[in-house]
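In terms of my numbering, the sequence shown opens at residue 51 and continues consecutively. Even for Gly, the Cβ is constructed at its ideal location relative to N, Cα and C.
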Amino acid sequence: AELGRLHNNANILCLPARFMTDVEAYRSLKVFLSTAFEGGRHERRVSKIKCCI
């Protein structure tokens, strides 16, 4: 969750309901929502995706 946000500017989080407890899912969601995109060297990769949309 954290690296997806930091490095890829992800805006979707998929959680496996069968393999995570509610507490684990809540923690992952909390981390995902509180993490900002790092930019910098990762911006090149994200801009490649943006140009195709």
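In the DSSP assignment, find the unbroken alpha helix (DSSP H) run with His10 in it and report its ends.
-> Because the chain is modelled from 51 through 103, residue 10 falls outside the range shown and cannot be assessed.
In or out: Arg55 buried (at least 16 other Cβ within 10 Å) or exposed?
-> Buried, because 16 or more other Cβ atoms sit within 10 Å of the Cβ of Arg55.
Leu79 and Leu63: beta carbons closer than 8 Å?
-> yes
Would you report the Cα separation of Glu88 and Arg68, rounded to the nearest angstrom?
-> 31 Å
Taking the C-alpha atoms as reference points, what is the distance between Ala86 and Ile99?
-> About 18 Å.
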